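Engineer: Please read through the structure below; I'll follow up with questions.
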Amino acid sequence: MRTPYIPHTFGEDVDRKLRGRVGWLTAGVASSIPWPSLDVCVKYAGDEYFLRGSERSGKPSPPGITIACDPGTGGADAAIAKIYRFTSVLSWFANGYVDVSGYIHGTHPALYGDPRTVYSSMGTAGTKSFNCNHLPIVEDDNVRKALAFWREGKRLDEVHDSYAFLSFYKVIESQFRDGRVWGRWIAANIDKLSDRAANRVVELRAAGIDVASHLFESGRCAVAHASLEGEIVDPDIPADRRRLSADLVIIEELARIYIRDELGVPTARTLHRTRDRLAPWDPLLPAATLEALRRGDHPPPDVSALVGRIVSIGLWPDGPIPGLERMTMHVDALDRGVVKIVLLNERRTILLVFFLDYNSGRVHTNLEDGGLVHGENDPDENDVRAYATFFYKVFGNAIAELTCNAIEPIDCEVVVPVNMRMTVSPNEAIADTVERFRKERAAKSEQ
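Heads up: the sequence shown begins at -6 in the working numbering, then just goes up one per residue.
Printed below as a string of structure tokens:
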């Protein structure tokens, strides 16, 4: 499943985009994931989704999602359908729910808000901390349906246990034509459950109950149907409510396993563990070289194709750092699948060091070995600001990105300082460094 780089736009650029056209649809949402405090634009699967912040002019504002709405491309139905699909994927990816409560459309991107139905139960993310980068692109219609039922189940989980149960069951049921087949899948995967779900399975089995049949007959069918003699979940019977509530953890966990293992849809957490950060740079090297690097072969393969590449250094989500847009790559060392590269700016006054670890698919920043270089040219104020921006932002846990050619950026691991701490903010440290350089340069000119 494709999990491409997802550009995020914050600040004034978002306002310009919203003012740049007419024809919009805004859906108000109920969300259990941290919602951005200010507007952010996310480009996903060819469309721009504007997540409307929970603050506006210092006052609370209803969370929502705005998308372009054109009568010629399906109008409101097409636009809201895209938001439904986007919220389904986002709900799964962020391990919560983002559910549409209602929508409006017109020439301007007006907000939709009813405080009873439009809210974020988890509060807000920081001004630039909302991140759904590498959100999976869902192209299979069966996967889309499963994620839609998952989103619905997560939303109902806080509202109505019976219908939440039915939605989670439909995650699995929707993927099969034959009820006997999905029943066999459930029976085969019950022993994969853990924690509360596994404990509930133990309770049912101790009572002599076949769990898979119980979930179908006393859960799915009892919720979906009602007859004079058939088993139902009676809303007025406390024991029925308690039984279904206890069983809910089982079917929710089975639905999670199905989406994760059978459909292969990653969450943000699983993707963080498994994603090969270096994969976008695969075209830079021959296939045989890549295989040797990932195996950690010794002696190492020839990686001379990397030498001389022009790389731009940036910070997520702000993009390239001024002064570090054109860095030339040199290979300094290579051992067992790890390539140590050195990047130099055009004036050869800034040196940055990174490790490309093909074994683990990770990129690491080496702050200790980089710095300003005095040689044929001495660093000027722009160089000092550029390097200080990189150093202090990365030291403060910003994510460094390397971009080569028109390939999507590769992101570095977050730096965790050891036995070091910063007593001021990164911006203050940058300003202090530049001011100190100015004073030193002025003192030298007076000598």
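All C-beta atoms in this analysis are idealised placements derived from N, C-alpha and C, irrespective of residue type, glycine included. Quantities reported herein were computed from a predicted structural model and do not represent experimental measurements.
Which whole-angstrom value is the C-beta distance of isoleucine 76 and tyrosine 37, which I expect to be below 8 Å?
Structural biologist: Within the sequence shown, the letter at position 83 stands for residue 76. Within the sequence shown, the letter at position 44 stands for residue 37. Not quite, the Cβ-Cβ distance comes to about 11 Å (not below 8 Å), so this is no contact.
Engineer: Can you list, in chain order, the residues of its chain whose CB lies under 6 Å from that of glutamate 394, leaving out five sequence neighbours each side?
Structural biologist: The sequence position of residue 394 within the sequence shown is 401, counting from 1. Excluding sequence neighbours, glutamate 394 sits near Gly307, Trp309, Pro402 and Asp404.
Engineer: Taking phenylalanine 430 as part of the alpha helix (DSSP H), name the residues at either end of that continuous run.
Structural biologist: Translated into the one-based positions of the sequence shown, residue 430 becomes position 437. Residues 419 to 439.
Engineer: With DSSP collapsed to three states, give me the class of histidine 323.
Structural biologist: Numbered from its first residue, the sequence shown carries residue 323 at position 330. DSSP places histidine 323 in strand when its eight states are reduced to three.
Engineer: Going by Cα to Cα distance, which pick from Val15, Cys62, Asp32 and Thr66 is closest to arginine 51?
Structural biologist: Stepping through the sequence shown from its first residue, residue 51 is reached at position 58. The question names arginine, but residue 51 is glycine in the sequence shown. Taking only the C-alpha atoms, the option nearest glycine 51 is Asp32.
Engineer: Closest to glycine 99 by C-alpha separation, out of Glu245, Ile392, Ala424 and Gly16, would be which residue?
Structural biologist: Mapped onto the sequence shown, residue 99 falls at position 106. For the residues Glu245, Ile392, Ala424 and Gly16, the minimum Cα distance to glycine 99 belongs to Gly16.
Engineer: With DSSP collapsed to three states, give me the class of phenylalanine 169.
Structural biologist: Within the sequence shown, residue 169 is the residue found at index 176, counting from 1. Residue state, collapsed to three classes: coil.
Engineer: Whether or not the region 267 to 280 and the region 298 to 307 are in contact is what I'm after, with contact meaning three or more pairs of Cβ atoms, one per stretch, closer than 8 Å; do they touch?
Structural biologist: Flag = yes, the region 298 to 307 and the region 267 to 280 touch.
Engineer: On the DSSP bridge assignment, give the partners of valine 226 in chain order.
Structural biologist: Working through the sequence shown from its first residue, we reach residue 226 at position 233. None; valine 226 has no bridge partner.
Engineer: Isoleucine -1 by DSSP, collapsed to three states: which one?
Structural biologist: Position 6 of the sequence shown, counted from the start, is the residue given in the question as residue -1. It is coil, neither helix nor strand.
Engineer: From this set, Val407, Leu345 and Ser47, which residue's C-alpha is nearest leucine 336's C-alpha?
Structural biologist: As a first step, residue 336 is located in the sequence shown; it is residue number 343 there, counting from the start. It is Leu345.
Engineer: For tyrosine 385, which residues in the same chain have their Cβ closer than 6 Å to its Cβ, ignoring the five residues on either side in sequence?
Structural biologist: The residue given as residue 385 occupies position 392 in the sequence shown. The answer, listed in chain order, is Pro419, Ala422 and Ile423.
Engineer: Can you check whether the CB of glycine 316 is closer than 8 Å to the CB of aspartate 376?
Structural biologist: As a working mapping, residue 376 is identified with position 383 in the sequence shown. As a working mapping, residue 316 is identified with position 323 in the sequence shown. Yes. Within cutoff.
Engineer: Using 10 angstroms around the beta-carbon of aspartate 240, count the other beta-carbons present and answer buried if the total reaches 16, otherwise exposed.
Structural biologist: Here residue 240 refers to the residue found at position 247 when the sequence shown is read from its first residue. Counting Cβ neighbours within 10 Å, aspartate 240 comes out buried, since at least 16 surround it.
Engineer: Whose CA, out of Arg340, Phe388, Ala391 and Leu349, lies closest to the CA of asparagine 370?
Structural biologist: On the sequence shown, residue 370 is found 377 positions in, with the first residue counted as 1. Comparing Cα positions, the closest option is Arg340.
Engineer: Apply the 10 Å Cβ neighbour rule to glutamate 5 and answer buried if 16 or more other Cβ atoms are within range, or exposed otherwise.
Structural biologist: Translated into the one-based positions of the sequence shown, residue 5 becomes position 12. Under this definition glutamate 5 is an exposed residue.
Engineer: What's the gap between the Cα of phenylalanine 430 and the Cα of lysine 437?
Structural biologist: Residue mapping note: residue 430 aligns to position 437 of the sequence shown, counting from 1. Residue mapping note: residue 437 aligns to position 444 of the sequence shown, counting from 1. If you take the alpha carbons of phenylalanine 430 and lysine 437, they lie about 11 Å apart.
Engineer: Measure the alpha-carbon distance for aspartate 133 versus glycine 67 and round it to whole angstroms.
Structural biologist: As a first step, residue 133 is located in the sequence shown; it is residue number 140 there, counting from the start. As a first step, residue 67 is located in the sequence shown; it is residue number 74 there, counting from the start. When rounded, the distance between both Cα atoms is 21 Å.
Engineer: Using a Cβ-Cβ cutoff of less than 6 Å, which residues in the same chain neighbour aspartate 325 once the five nearest sequence positions on both sides are dropped?
Structural biologist: Residue 325 sits at position 332 when you count from the first residue of the sequence shown. Once the five neighbours on either side are set aside, the close Cβ partners of aspartate 325 are Lys333 and Val335.
Engineer: Round the Cβ separation of tryptophan 28 and serine 122 to the nearest angstrom and send it over; I've been treating them as touching at under 8 Å.
Structural biologist: Here residue 28 refers to the residue found at position 35 of the sequence shown. Here residue 122 refers to the residue found at position 129 of the sequence shown. About 11 Å; that fails the 8 Å criterion.
Engineer: Excluding the 5 residues flanking arginine 235 on each side, which residues of the same chain have their C-beta closer than 8 Å to its C-beta?
Structural biologist: Here residue 235 refers to the residue found at position 242 of the sequence shown. Answer for arginine 235: no residue qualifies.
Engineer: With burial defined as no fewer than 16 other Cβ atoms inside 10 Å of the residue's Cβ, what is the status of glutamate 284: buried or exposed?
Structural biologist: Translated into the one-based positions of the sequence shown, residue 284 becomes position 291. That one is exposed.
Engineer: Tell me the rounded alpha-carbon separation between glutamate 151 and threonine -4.
Structural biologist: Numbered from its first residue, the sequence shown carries residue 151 at position 158. Numbered from its first residue, the sequence shown carries residue -4 at position 3. When rounded, the distance between both Cα atoms is 30 Å.
Engineer: Confirm, please, whether the CB-CB distance from leucine 264 to leucine 349 is below 8 Å.
Structural biologist: Here residue 349 corresponds to residue number 356 of the sequence shown, with the count starting at 1. Here residue 264 corresponds to residue number 271 of the sequence shown, with the count starting at 1. No. Outside cutoff.
Engineer: Let me check one thing: in DSSP terms, what residues is proline 279 bridge-paired to?
Structural biologist: Within the sequence shown, numbered from 1, the residue matching residue 279 stands at position 286. Looking at the DSSP assignment, proline 279 forms no beta bridge with any residue, so it has no partner.
Engineer: I need the straight-line Cα distance from isoleucine 179 to tyrosine 251, nearest angstrom please.
Structural biologist: The sequence position of residue 179 within the sequence shown is 186, counting from 1. The sequence position of residue 251 within the sequence shown is 258, counting from 1. The alpha-carbon atoms of isoleucine 179 and tyrosine 251 are separated by roughly 9 Å.
Engineer: Count the other CB atoms, across all protein chains shown, that sit within 10 Å of the CB of leucine 221; report buried if there are 16 or more and exposed otherwise.
Structural biologist: Walking along the sequence shown from the start, residue 221 turns up at place 228. For leucine 221, the pLDDT reaches just 44, beneath the cut-off of 50, and the residue's location in the model is therefore unreliable, although a value from the coordinates is still provided. Exposed: under 16 other Cβ atoms inside 10 Å.
Engineer: Exposed or buried, which one is threonine 416 when buried takes at least 16 other CB atoms within 10 Å?
Structural biologist: Taking the first residue of the sequence shown as position 1, residue 416 is located at position 423. Exposed: under 16 other Cβ atoms inside 10 Å.
Engineer: How should aspartate 92 be labelled, buried or exposed, when 16 other C-beta atoms within 10 angstroms of its C-beta is the threshold for buried?
Structural biologist: Residue numbering aside, residue 92 sits at position 99 when the sequence shown is read from its first letter. Result: buried.
Engineer: Would you identify the three-state DSSP class for asparagine 338, choosing helix, strand or coil?
Structural biologist: One-based indexing of the sequence shown puts residue 338 at position 345. Residue state, collapsed to three classes: strand.
Engineer: Identify whether alanine 87 lies in helix, strand or coil by the three-state DSSP scheme.
Structural biologist: Within the sequence shown, the letter at position 94 stands for residue 87. Here alanine 87 sits in coil by DSSP.
Engineer: Do you know offhand how far asparagine 412's Cα is from asparagine 390's?
Structural biologist: Residue mapping note: residue 412 aligns to position 419 of the sequence shown, counting from 1. Residue mapping note: residue 390 aligns to position 397 of the sequence shown, counting from 1. So the alpha carbons of these two residues sit roughly 15 Å apart.
Engineer: Whose C-alpha, out of Ala381, Thr19, Ala435 and Trp175, is nearest the C-alpha of tyrosine 96?
Structural biologist: Here residue 96 corresponds to residue number 103 of the sequence shown, with the count starting at 1. Measuring from the Cα of tyrosine 96, the nearest candidate turns out to be Thr19.
Engineer: For lysine 147, report the span of its beta strand (DSSP E) as first-last.
Structural biologist: Residue mapping note: residue 147 aligns to position 154 of the sequence shown, counting from 1. No beta strand (DSSP E) contains lysine 147, which is instead part of the alpha helix (DSSP H) from 134 to 149.
Engineer: Once DSSP output is grouped into helix, strand and coil, what is the label at tryptophan 274?
Structural biologist: Here residue 274 is taken as the residue at index 281 of the sequence shown, counted from 1. Helix.
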